[in-house]
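Encoded as structure tokens, the structure appears first; notes follow it.
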Amino acid sequence: MSVRIAINGFGRIGRSILRAARERADTADFEIIAINEPSDPESIALLTRYDSQHGRLNGHVWVDKKTLCIDQQRIQLLGGQPIASLPWGALKIDLVLECSGQRGTRETAEAHLRAGAKRVVFSQPASADVDITLIPGFNDHERQIDHQIISAGSCTTHCIIPVLDTLQKTLGLKRGTATTIHAAMNDQPVTDTLAGADPRRHRSAMNAVIPVDTALAKGISRLMPELAGHMECLHLRIPTTTVSAMDLTLESRQATTSKTVLDALSAASENQYAGIMAGCADPVSSIDFAHDPHSTVIDQTQLRVVDEHLIKVLCWFDNEWGFANRMVDIALAMSTDAQSQG
């Protein structure tokens, strides 16, 4: 029995989810029924067919009135309706992937439930009162069948948590810092604009390295409360359009070596975090990780240990594609729940 999916918001993540679902071999029962997006149907079709980061979609794409057609697939386009007006009940939607960028609150999710959806997954960090913030590989065991409102966190959360979790279990962590070196995003202008609340975000994305605020430390504390108050994070936007990196500096409780750290991360990549974390020993650059489905790839050439306790780790991640694949992972897990409940 297929599980009926709706995507609310068809921006970078929404479109990447559609592509990932089509490319993966484990999504035969993953049926995207509807997309709620205010852009006109022809523009939706064009940006489904072509993508500056991920290339051409493998399939024939066209629009038939208010239906997006991809080969034999038919997806209703709902035109950006308010949540309260969405026909989730009539369409028998099992799961809404909330990718519109609206506030990640329980109130927003409950509006989808009142419209007839059975479950909601936010593609962003959400308020603390959602049922769970789910990080595949890390806290799957905490997901319950009656959870209806889930946050998938952020691409940076999915990048850092597998590393922190692995090293916390192996060595114990006292404290640390992380700097995200993030590709430019569509909330940044190409040229300077008049400043608003955050003047730095109004500078040219393609001409500068720009510090921006980040709530990553708060997200780490929520997921790993033992590190609350012991992690601090910075975030830099850089003039590239795809693939980001994270530079971690961690102090371990136990004495260690580079080999011990690499062995621990490699073992986790093959077991608990298989398909989520990986390693690379080649002399690569960021672009080599474009369209990589992992949440985090450890650059094994850059790992350092100083005085047996200070650890430096560099991680690569495609901030769109890796996160979109985790959204699909979560949707598949929740789809199993929906099927078991009928």
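Using my numbering, the letters of the sequence shown map in sequence onto residues 14 to 355.
A virtual CB, placed ideally from N, CA and C, is assigned to each residue, including glycine.
Backbone secondary structure at residue i - three-state DSSP
i, result
"Arg359", "Residue numbering for the chain in the displayed model covers 14 to 355; residue 359 lies beyond these limits and cannot be assessed."
"Arg156", "coil"
"Met259", "strand"
"Trp334", "helix"
"Phe302", "helix"
"Leu31", "helix"
"His195", "strand"
"Asp211", "coil"
"Val203", "coil"
Contacting residues, own chain, Cβ-Cβ under 6 Å from residue i (five flanking each side not counted)
i, result
"Thr170", "Gly232"
"Leu261", "Ala191 and Val326"
"Met244", "Gly189, Ala230 and Ile233"
Alpha helix (DSSP H) segment containing residue i, residue limits
i, result
"Val274", "Ser271 to Glu283"
"Leu236", "Leu229 to Leu236"
"His171", "Cys168 to Thr183"
"Glu239", "Here Glu239 belongs to no alpha helix (DSSP H), and DSSP marks it neither H nor E."
"Thr254", "Where Thr254 is concerned, there is no enclosing alpha helix (DSSP H), given that its DSSP letter is neither H nor E."
"Thr61", "Pro54 to Arg62"
"Leu126", "Arg119 to Arg127"
Range covered by the beta strand (DSSP E) that runs through residue i
i, result
"Ser164", "Ile162 to Ser164"
"Asp77", "Val74 to Asp77"
"Glu44", "Phe43 to Asn49"
"Cys112", "No beta strand (DSSP E) holds Cys112; DSSP gives it neither H nor E."
"Ile148", "That residue, Ile148, is in no beta strand (DSSP E); it is neither H nor E in DSSP."
Own chain, CB closer than 7 Å to residue i, minus 5 neighbours either side, in chain order
i, result
"Cys172", "Met259, Ser308, Thr309, Cys328 and Phe330"
"Val318", "Thr269, Thr270, Ser271, Val274 and Ile324"
"Pro306", "Trp334, Gly335 and Asn338"
"Ala287", "none"
8 Å contact criterion, which residue i and residue j should meet: CB distance rounded
i, j, result
"Gly150", "Ile289", "5 Å"
"Ala197", "Pro252", "6 Å"
"Asp205", "His195", "Their Cβ separation, rounded to whole angstroms, is 20 Å, which puts Asp205 and His195 out of contact at 8 Å."
"Ile48", "Leu108", "Not really, about 14 Å apart at Cβ, beyond 8 Å."
"Ser265", "Leu184", "4 Å"
Check whether the region 96-104 touches the region 67-82, counting contact only when three or more Cβ pairs, one atom from each stretch, lie closer than 8 Å.
Judged by Cβ distances under 8 Å, the region 96-104 makes no contact with the region 67-82, as fewer than three pairs qualify.
Check whether the region 105-113 and the region 124-141 touch, using three or more Cβ-Cβ pairs below 8 Å as the test.
yes
Is the region 334-342 touching the region 292-299 in the sense that three or more CB pairs, one from each, lie closer than 8 Å?
As far as the Cβ criterion goes, the region 292-299 does not touch the region 334-342, which means the pair count is below three.
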